[in-house]
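Student: Residue numbers (the working numbering): 8 to 454. By construction, the Cβ of each residue, glycine as well, lies at the ideal position given by its N, Cα and C atoms.
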Ligand SMILES: [Zn+2]
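Written out as structure tokens, the structure reads:
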């Protein structure tokens, strides 16, 4: 059984993920990616970009600002409805998301419904609750030269939010793209970027953090075609998750979200759940957002969001299908899928069986012995050669060869190349496979 504690510990030990602001005692709901984590994270993001943007003709990329005109969030409904049910324990003053500590209630729970569940405080064990209050999860900030003691200047006009989702940065650029690229329907806009949510209780490692990276496509379709396009995109997600990210299809479960739990904008949502080591959790969402977003923008901005068909001249506001995935959630799914404990020659080992396209390093090059100058210089030569060819190659001459293998296994390097005395004679090297630990000899030119 894979345990989340072992994965968190490997992430820290090998420099994938550290707690945010660790040196100052941390910052709840934030995580930092270390040298190997950032490579893995970028490999995941680049693979997604390749799959959904570069390899297609119908999806364009955008990269919008994080700070947006606050009217964006009025139009989208976030100012009004992007809120969680907050409940406070009157005994110990701890605050919780009501729907996370009580069974069988939803985000729209009322105070009466919550009290009827007779939930005890997870901190003090008492049952003495205040009323349910709506807590807006957007991070509020002020823009421009505003001083904290200058109350009169803290006017609405200075208020801004860190974006709670990347999607609005796409919708607000829909018209710009329409007017500059004249795309035919259906077409999509893709974006990767940070989004911020002031979660009441961040938890579960990088699964529920206050700052996360999202990868989203907003796919604009004819209203009559939404079901067909929804199905096409649903299948694409599977192909991407299984064949590009190496996830096991048996660990991905689709769940059609019932109406009362759906976000306010969606007519149909399928959550892709994943079997994480600590239980089933949401990995990504696929939502049919209808014309909700473009109609809101049209109303709030007073500008037409209509698309004009080039052949028939027909004008209408397109509908939207949105596949949305959190990078950190995908990172953990990829990492925990790859995390394997097995036995090698009677010894336990940890090996990260990452797909080749995601592994931080493709090769590790090392000399059999560090104190032999002729081996060192030959190994450096091979290292330079492979670096030039593959870029993501690492060097290791620390400890003994067994220790090096174990380290490379733990960080997911598919192959270790070792330069020994035979190499000096016949220009062949030992290549050791990460998953099978088998070793073969090959001429250097065949690497
Ligand atoms: Zn309490």
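1) Ends of the alpha helix (DSSP H) at residue 213?
2) May I ask whether a heavy atom of ligand 1 can be found less than 7 Å away from the beta carbon of residue 6?
3) Quick check on residue 263: does DSSP put it in helix, strand or coil?
4) Give a single yes or no on whether residue 224 has its beta carbon closer than 7 Å to a heavy atom of ligand 1.
5) By how many angstroms is the C-alpha of residue 289 removed from the C-alpha of residue 13?
6) Starting from the Cα of residue 267, find the closest Cα among 53, 300, 111 and 428 and give me that residue.
7) Roughly how far, in whole angstroms, is the beta-carbon of residue 359 from the beta-carbon of residue 425, given that I think they are within contact range, below 8 Å?
8) How do the stretch 326 to 340 and the stretch 223 to 232 stand: do at least 3 beta-carbon pairs fall below 8 Å, yes or no?
9) Give the straight-line distance between the Cα atoms of residue 377 and residue 351, rounded to the nearest whole angstrom.
10) How would you call residue 77, buried or exposed, if buried means at least 16 neighbouring beta carbons within 10 angstroms?
11) Using C-beta distances below 6 Å, list every residue in its chain close to residue 291, excluding the 5 sequence neighbours before and after it, in chain order.
12) Near residue 302, what residues of its chain come up, given a Cβ to Cβ distance below 8 Å and the 5 sequence neighbours on each side ignored?
13) Below 8 Å, can you find three or more Cβ-Cβ pairs linking the stretch 139 to 149 to the stretch 113 to 123?
14) Ordered along the chain, which non-local residues of its own chain (more than five positions away) have a Cβ less than 8 Å from that of residue 449?
15) Tell me whether residue 47 sits in a helix, a strand or coil according to DSSP, three-state version.
16) Beta-carbon separation of residue 200 and residue 221 under 8 Å?
17) What is the rounded straight-line gap between the Cα of residue 27 and the Cα of residue 38?
18) Of the choices 419, 241 and 40, whose alpha-carbon is the least far from that of residue 361?
19) State the DSSP-derived secondary structure class of residue 176, mapped to helix, strand or coil.
20) Excluding sequence positions up to five away, which residues of its chain have a Cβ less than 6 Å from the Cβ of residue 197?
21) Would you mind sorting residue 428 into buried or exposed? The rule is 16 or more other CB atoms within 10 Å of its CB.
22) Is residue 131 near ligand 1, in the sense that its beta carbon is under 7 Å from a heavy atom of that ligand?
23) Who are the Cβ neighbours of residue 105 in its own chain at under 6 Å, not counting the five residues just before and after it?
24) Give every residue of the same chain whose Cβ lies closer than 6 Å to the Cβ of residue 165, excluding the five residues on either side of it in the sequence, and list them in chain order.
25) Return the bridge partner residues of residue 143 from the DSSP annotation.
26) If residue 275 sits next to residue 295, beta carbons under 8 Å apart, how far is it from one beta carbon to the other, in whole angstroms?
27) Have a look at 363, 204 and 304 and flag the residue whose alpha-carbon is nearest the alpha-carbon of residue 180.
28) Return helix, strand or coil for residue 16, following the three-state DSSP convention.
Tutor: According to the data block:
1) Judged by DSSP secondary structure, residue 213 falls outside any alpha helix (DSSP H); it is assigned neither H nor E.
2) It is not possible to answer for residue 6, since the shown part of the chain is limited to 8 through 454.
3) Collapsing the DSSP output to three states places residue 263 in a strand.
4) For residue 224, the Cβ stays outside the 7 Å cut-off from all heavy atoms of ligand 1.
5) Near 21 Å, if we compare the C-alpha coordinates of residue 289 and residue 13.
6) Among 53, 300, 111 and 428, the Cα nearest to that of residue 267 is on 111.
7) Not confirmed; about 20 Å, so no contact.
8) Three or more beta-carbon pairs separated by less than 8 Å link the stretch 326 to 340 to the stretch 223 to 232, which places the two stretches in contact.
9) Between the alpha carbons of residue 377 and residue 351 lies a gap of roughly 25 Å.
10) Residue 77 comes out buried.
11) Result list for residue 291: 279 and 332, in chain order.
12) So the list reads 312 and 324, once near-sequence residues are dropped.
13) In short, these stretches touch, since the Cβ pair count reaches three.
14) Sequence-distant partners of residue 449 (beyond 5 residues in either direction) whose C-beta falls short of 8 Å from its own C-beta, in its chain, are 435, 436 and 438.
15) Annotated three-state conformation of residue 47 is helix, per DSSP.
16) For residue 200 and residue 221, yes; Cβs fall inside 8 Å.
17) In a straight line, the C-alpha of residue 27 is about 4 Å away from that of residue 38.
18) Considering only alpha carbons, the answer is 419.
19) In this structure, residue 176 counts as helix in the three-state DSSP scheme.
20) Same-chain partners within the cutoff: 59, 60, 66, 68 and 224.
21) Sixteen is the threshold: since fewer than 16 other Cβ atoms of the shown chains lie within 10 Å of the Cβ of residue 428, the residue is exposed.
22) Because some heavy atom of ligand 1 lies under 7 Å away, the Cβ of residue 131 counts as near it: yes.
23) Spatial neighbours of residue 105 in its own chain (CB-CB distance under 6 Å, excluding positions within 5 residues in sequence) are listed in chain order as 92, 94, 116, 121 and 139.
24) Closer than 6 Å at the Cβ level, and outside the excluded window around residue 165, lie 149, 150, 151 and 153.
25) The partner list for residue 143 (beta bridge, DSSP) reads 90.
26) Taking C-beta atoms under 8 Å as the contact rule, residue 275 and residue 295 qualify, at a distance of about 4 Å.
27) In terms of Cα proximity to residue 180, the closest of 363, 204 and 304 is 304.
28) The three-state reading of DSSP puts residue 16 in helix, counting H, G and I together.
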